[in-house]
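Before any comments, here is the structure.
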Amino acid sequence: MNGSLKGELGRKAFHMLSLVYLAVYHWLGFPRAVMALGAWLVFVTAVEAGRFYSDRLSRGLQWIFRGMIRQTEQRSFSGIFHTTMGSFLTVLLAGGHARIVTAALAWLALGDAAAALAGKTLGRHPIAGGRKSLEGSLACLATCLAVGLALGLRPAAALAGSLAATIAELLPSTRFYNDNLFMPVAAAAALLAFGAR
């Protein structure tokens, strides 16, 4: 396995956190899950902010999560923060609609991972300025759609949510945009708009 793919696999492990958050949601229910995830988000934010001001903490976290933190995340919030924030906002937005929360967080974990791995191994047609691949985006869409249908979403709602998730994954990351944050939120919003419950 080449280093690039190995590093990508490690980074995608962060996205599995959304499945842990999903388990917390089903275990505690709404609204207690919001309070639990909110408290965890405060802790994650404090640790992330702390590493900006403490070289020792920053080096320690880089050693623990070596290979998982991108170079661009050395002095900015990492994937774990954006995944946590995205999951928290999704639960807050969808509230008691368990199927919507389940779909949106599962899409973050599985759809984004499918896009990255398919793009790394099968990507032949670059899109979005060469940052993504057609194969990766199609893998994301297919994975999200399959998961949505398996969860019992109506086909139109599953397709709308899957498209929203795929587009959110496709957009380039900037200082103010990260797909780990916006992917589940966009998906949940689309499902709510299409009357999924």
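Letter by letter, the sequence shown follows residues 17 to 213 in our numbering. Where a beta carbon is used, it is the ideal one built from N, C-alpha and C, also for glycine.
According to DSSP, residues forming a beta bridge with lysine 148: Mapped onto the sequence shown, residue 148 falls at position 132. DSSP, once it has assigned bridges, lists Ile143 as partnering lysine 148.
Note down, in chain order, each residue of its chain lying with its Cβ closer than 7 Å to the Cβ of threonine 106, except the 5 sequence neighbours on either side. As a working mapping, residue 106 is identified with position 90 in the sequence shown. Around threonine 106: Val117, Ala120, Leu121, Pro200, Val201 and Ala204.
Note down the Cα distance separating leucine 154 from methionine 32, rounded to an integer number of angstroms. Counting from one through the sequence shown, the residue named residue 154 turns up at place 138. Counting from one through the sequence shown, the residue named residue 32 turns up at place 16. Taking the straight line joining both Cα atoms gives about 21 Å.
Proximal residues to alanine 176 (C-beta, below 6 Å), its chain only, five neighbours per side dropped: Position 160 of the sequence shown, counted from the start, is the residue given in the question as residue 176. Excluding positions up to five away in sequence, the list reads Ala206 and Phe210.
Is DSSP giving alanine 204 helix, strand or coil here? Your numbering for residue 204 matches position 188 in the sequence shown. It is helical.
Within 10 angstroms of its Cβ, does phenylalanine 68 collect 16 or more other Cβ (buried), or is it exposed? For the purposes of this step, residue 68 is taken as residue 52 along the sequence shown, with counting starting at 1. Counting Cβ neighbours within 10 Å, phenylalanine 68 comes out exposed, since fewer than 16 surround it.
The region 180 to 191 in contact with the region 137 to 149 per 3-pair CB rule at 8 Å: yes
Assuming serine 34 and alanine 114 form a contact by the criterion Cβ under 8 Å, report the distance between their Cβ atoms to the nearest whole angstrom. The residue you call residue 34 lines up with position 18 of the sequence shown. The residue you call residue 114 lines up with position 98 of the sequence shown. That pair is no contact at about 15 Å.
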